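> Let me begin by handing over the structure; questions about it come next.
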Amino acid sequence: MADLKKINWAILVSGWGKSALDTLEAYEKGTFKKSNISVLIYEQEPCGAAEKAQEIGIETIRLIKKDFPNLISYQKKLIEELKKRNIDYIFMLAYKYLIKDEMLTAFPNRILNIHPSLFPSFLGTQTAIQDALEYGVKITGITTHIIDDKLDEGIILCQEPIRIKEGDTFETLYPKFGKKGQKIIRKTIKKIEKNNL
1 MADLKKINWA ILVSGWGKSA LDTLEAYEKG TFKKSNISVL IYEQEPCGAA EKAQEIGIET
61 IRLIKKDFPN LISYQKKLIE ELKKRNIDYI FMLAYKYLIK DEMLTAFPNR ILNIHPSLFP
121 SFLGTQTAIQ DALEYGVKIT GITTHIIDDK LDEGIILCQE PIRIKEGDTF ETLYPKFGKK
181 GQKIIRKTIK KIEKNNL
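Set out below in structure tokens:
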């Protein structure tokens with residue numbers, strides 16, 4: 001990529017989009033010098049991240065999986081929209097659908113995910129935070145990674161540890177993930193910027 005060209009990002013969100021909203025607020029403040037967030041693709045309404053994107057002039061597209069016959073046809077539409085906008089990297093921020101081969105091939109090593117555990121612990125689960133508490137580990141955390149064709153695997157980009165204190169519950173632990181999540185997303189985007197430009 002040429003020095004003057006910014007990395008073109010798309011953000012994918014399934015729910016309300018707290019992490020995506022935090023990321024857009026950081027973007028609005030000029031935190032990412034070499035990145036351009038071009039589009040946010042979301043599903044649920046209301047979506048706080050989509051509202052924020054619209055407020056700061058970022059395009060939003062609402063794609064609802066149940067409007068398509070299956071996951072593959074839904075992702076074909078997703079690929080089409082992303083390609084149309086010359087997207088370089090995709091960041092899945094609380095995006096719940098498994099990425100199929102066709103999309104992995106369309107964006108090789110360009111799709112990032114965030115997972116609430118320290119790889120390689122507590123993978124392939126929607127309940128990694130609860131699992132860590134139940135297992136009794138003293139340290140858990142967050143990992144950002146480039147996805148591949150295996151669930152919750154791929155190239156680790158950044159990791160942030162989170163200490164589990166005596167008496168911690170899901171309710172006391174979850175807010176720590178929110179705080180560290182903001183930090184690791186910023187760190188990850190800056191790492192991609194550094195590696196690519």
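Here full-length UniProt numbering is used: position 81 in the sequence shown is 81, and no number is missing along the way. Every residue, glycine too, gets a C-beta built ideally from N, C-alpha and C. Remember, it's a predicted structure, so these values are computed and weren't measured experimentally.
Where does F91 fall in DSSP's three states?
Along the sequence shown, one-based indexing puts residue 91 at 91. If DSSP states are grouped into helix, strand and coil, F91 belongs with the strands.
> Using alpha carbons as the reference points, say which of I72, Y95, S38 lies closest to K18.
On the sequence shown, position 18 is the one that residue 18 refers to. For K18, the nearest C-alpha among the options comes from Y95.
> Can you check which of these residues, G30, P69, N8, is closest to L40 by C-alpha distance?
As a working mapping, residue 40 is identified with position 40 in the sequence shown. Out of G30, P69, N8, N8 has the C-alpha closest to the C-alpha of L40.
> DSSP three-state label for E59, please.
If you number the sequence shown from 1, residue 59 lands on position 59. Here E59 sits in strand by DSSP.
> Start and end of the beta strand (DSSP E) containing Y42?
Position 42 of the sequence shown, counted from the start, is the residue given in the question as residue 42. Per DSSP, Y42 belongs to the beta strand (DSSP E) from 35–42.
> I56 and L24: beta carbons closer than 8 angstroms?
Within the sequence shown, the letter at position 56 stands for residue 56. Within the sequence shown, the letter at position 24 stands for residue 24. Yes, Cβ-Cβ distance for I56 and L24 is below 8 angstroms.
> Does the distance from the C-beta atom of L104 to that of I114 stay below 8 angstroms?
The residue labelled residue 104 in the question sits at position 104 within the sequence shown. The residue labelled residue 114 in the question sits at position 114 within the sequence shown. Cβ distance not < 8 angstroms, so L104 and I114 don't count as in contact.
> Thinking C-beta only, is K76 closer than 8 angstroms to Y97?
On the sequence shown, position 97 is the one that residue 97 refers to. On the sequence shown, position 76 is the one that residue 76 refers to. Against a cut-off of 8 angstroms, the Cβ pair of K76 and Y97 comes out as no contact.
> Between which two residues does the alpha helix (DSSP H) harbouring N195 extend?
Against the sequence shown, residue 195 aligns to sequence position 195. 170–196 is the span of the alpha helix (DSSP H), which, as asked, contains N195.
> Could you check the C-alpha separation between P46 and L12 for me, to the nearest Å?
Numbered from 1 along the sequence shown, position 46 holds the residue referred to as residue 46. Numbered from 1 along the sequence shown, position 12 holds the residue referred to as residue 12. Taking the straight line from one Cα to the other gives about 15 angstroms.
> Between F119, L157, D148, which has its C-alpha nearest I189's C-alpha?
Translated into positions along the sequence shown, residue 189 becomes position 189. With distances taken between Cα atoms, I189 lies closest to L157.
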